[in-house]
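Let me begin by presenting the structure, written as structure tokens, before commenting on it.
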Amino acid sequence: MRLSSYTALTAALGLASTADALKILMGNDDGFGSGNLRELYKLLVDAGHEVVVVAPAQQQSGKGGTVIWSETANLTIPSQYNLIPAGAPSVGRDNSSQDIWYYDGTPAACTFVALDWVLPRYYPEWKQTADLFVAGPNYGTNLGAFVMGLSGTVGATFAAISRSIPGIAISASNRAVPYFNVTGASHPAVLAAQVSFEVVNEFIENTMDGQAVLPLGYGVNVNIPTLVNGTTPPIIKTRLTGNANTDVAVYNETTGLFDWDNVDPVAAGINAAYNGDLSLPGETWVVAGGGVSVSVFTMDYTSPSNTYTELVFDKIGGLVVGEGGNGTKYSRRMVEERMRKRGAMLSGRDGGA
1 MRLSSYTALT
11 AALGLASTAD
21 ALKILMGNDD
31 GFGSGNLREL
41 YKLLVDAGHE
51 VVVVAPAQQQ
61 SGKGGTVIWS
71 ETANLTIPSQ
81 YNLIPAGAPS
91 VGRDNSSQDI
101 WYYDGTPAAC
111 TFVALDWVLP
121 RYYPEWKQTA
131 DLFVAGPNYG
141 TNLGAFVMGL
151 SGTVGATFAA
161 ISRSIPGIAI
171 SASNRAVPYF
181 NVTGASHPAV
191 LAAQVSFEVV
201 NEFIENTMDG
211 QAVLPLGYGV
221 NVNIPTLVNG
231 TTPPIIKTRL
241 TGNANTDVAV
251 YNETTGLFDW
261 DNVDPVAAGI
271 NAAYNGDLSL
281 PGETWVVAGG
291 GVSVSVFTMD
301 YTSPSNTYTE
311 LVFDKIGGLV
321 VGEGGNGTKY
331 SRRMVEERMR
341 KRGAMLSGRD
351 GGA
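Quick note on the UniProt record's numbering: the sequence shown kicks off at 1 and runs consecutively.
As structure tokens, this is what we get:
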């Protein structure tokens with residue numbers, strides 16, 4: 001499916017069946033007043049899904065997966081765009097919609113507040129979980145493996161995936177805009193939301209009844225180039241590595257302050273490719289060429305089983321216990337005994353935490 005106009009997209013939405021409706025939790029790092037966020041929210045609602053937004057009260061880009069809670073029960077300054085006045089609770093509903101919430105914390109903290117406070121109190125039928133988490137679309141792309149620890153959009157998604165919820169992080173190439181300044185079908189925020197919806201909807205439509213949208217522990221990183229003429233660019237399967245960037249600290253002699261820039265030429269470390277299909281193009285390269293990148297990642301950071309990993313383990317072979325080490329071999333009984341002494345450390349903390 002390729003949608004060439006807003007009218008075509010609206011017509012497609014009219015065909016959506018509420019029988020396929022999902023409970024979708026949304027977040028971002030740009031704030032709950034984001035034009036991109038609100039436009040995608042409207043499209044998902046119009047498609048028949050039940051959608052709840054819990055997003056930062058202030059702009060929180062670059063916070064990654066850090067969890068920083070509000071230190072006060074009330075806002076000490078007005079929220080972004082003065083949507084919520086100073087003195088209001090640090091968590092609450094936006095005046096424009098009962099299903100759009102703000103929290104004065106980082107993006108990942110917003111995800112946890114959504115799951116552990118908003119949903120249990122106000123949406124008990126959700127059973128403290130969601131069928132899908134969608135973050136964004138972000139203002140600006142989030143490309144390459146480095147942003148997996150830098151981007152608040154991805155960080156909020158990671159938080160959801162860690163709670164066993166399928167997550168899709170979406171980033172676009174348009175500039176920041178308050179939702180109340182989005183006017184007309186050709187506005188960049190509208191176009192970004194249309195492409196975002198097309199990708200999200202494709203995942204939903206191709207999921208069988210009773211099946212999760214993504215396998216357990218899986219997530220998707222989507223990046224959208226600058227959009228022109230209201231058309232959807234080619235959508236391409238990609239990998240995180242491949243011409244990807246990482247940061248350098250740039251010092252300003254006049255101000256005495258640091259800012260960031262990208263390493264030039266690109267660093268080899270961030271582009272070392274070990275996992276997945278190595279024939280896929282890098283998402284940075286694809287978006288630079290005008291395509292929409294779709295990369296699949298997992299929560300499992302464990303290195304692949306290869307010679308390099310064996311060499312790393314061999315360096316401490318004289319210390320480690322177990323198979324392949326020169327120390328005392330462990331047994332399941334030994335591990336269980338140690339776990340009993342330490343207390344439960346590996347139990348799940350999904351819904352009902």
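The beta carbon of each residue, even a glycine, is placed where N, CA and C say it ideally should be. Keep in mind the model is a prediction, meaning the values are calculated, not measured.
Item: Within 9 Å, strictly: CB atoms of Gly152 and Pro107; Value: yes
Item: Minimum length 4: unbroken alpha helix (DSSP H) runs contained in the region 76-146; Value: 107-113, 119-122
Item: Limits of the unbroken alpha helix (DSSP H) element including Trp285; Value: 283-288
Item: Integer Cβ distance of Met26 from Val177, believed to fall under 8 Å; Value: Contact flag wrong, Cβ pair sits at about 17 Å.
Item: Close beta carbons around Gly282, own chain, < 7 Å, minus the five adjacent residues each side; Value: Thr238, Arg239, Thr241, Gly242, Asn243, Ala244
Item: Candidates Leu119, Phe112, Gly105, Asp104, of which the one nearest Gln98 by Cα; Value: Leu119
Item: Inter-stretch contact at 8 Å, needing at least 3 Cβ pairs: the region 55-66 / the region 122-130; Value: no
Item: Identified DSSP bridge partners for Gly219; Value: Gly167, Phe297
Item: Contact belief for Leu227 with Leu191 at Cβ below 8 Å, rounded distance in angstroms; Value: 4 Å
Item: Run of the alpha helix (DSSP H) containing Ile161, from where it starts to where it stops; Value: 152-162
Item: Where Ser196 falls: helix, strand or coil (DSSP); Value: helix
Item: Contacting residues, own chain, Cβ-Cβ under 7 Å from Ala212 (five flanking each side not counted); Value: Pro166
Item: Ala73 burial status per 10 Å Cβ neighbour count (16 or more: buried); Value: exposed
Item: Ala145 versus Thr246: straight-line alpha-carbon distance, rounded; Value: 9 Å
Item: Cβ pair Asn223, Ala172 closer than 9 Å; Value: yes
Item: DSSP beta-bridge partners of Ala172; Value: Tyr139
Item: Proximity winner among Ile270, Asn306, Val113, relative to Ala55 (alpha-carbon distances); Value: Val113
Item: Beta bridge counterpart(s) of Val257 as assigned by DSSP; Value: Checking the displayed sequence, the identity of residue 257 turns out to be Leu instead of Val. DSSP lists Asn252 as partners of Leu257.
Item: Pairwise C-alpha distance: Leu115 and Arg121; Value: 10 Å
Item: Straight-line Cα distance separating Asp300 from Thr111; Value: 20 Å
Item: Beta strand (DSSP E) segments (min. 3 residues) lying fully within the region 47-75; Value: 50-56
Item: Distance CB(Ala169)-CB(Val220) smaller than 9 Å; Value: yes
Item: Residue from Asp29, Gly33, Tyr274 whose Cα sits closest to the Cα of Leu150; Value: Asp29
Item: Assumed close pair Ser70, Asp94 - CB separation to whole angstroms, cut-off 8 Å; Value: So it is not a contact: roughly 16 Å between Cβ atoms.
Item: Leu37 in three-state terms, based on DSSP; Value: helix
Item: Of the residues Arg38, Gly289, Glu310, the one placed nearest Ser96, counting alpha carbons only; Value: Arg38
Item: Limits of the unbroken alpha helix (DSSP H) element including Thr307; Value: 307-314
Item: Close beta carbons around Trp117, own chain, < 8 Å, minus the five adjacent residues each side; Value: Val91
Item: Beta-carbon separation (whole angstroms), Val250 vs Asp259, contact threshold 8 Å; Value: 5 Å
Item: Euclidean distance between Cα positions of Glu202 and Gly322; Value: 45 Å
Item: Own chain residues within Cβ distance below 6 Å of Val248, not counting five before or after; Value: Asp261, Val263
Item: Inter-residue Cα distance where the pair is Gly140 and Phe158; Value: 19 Å
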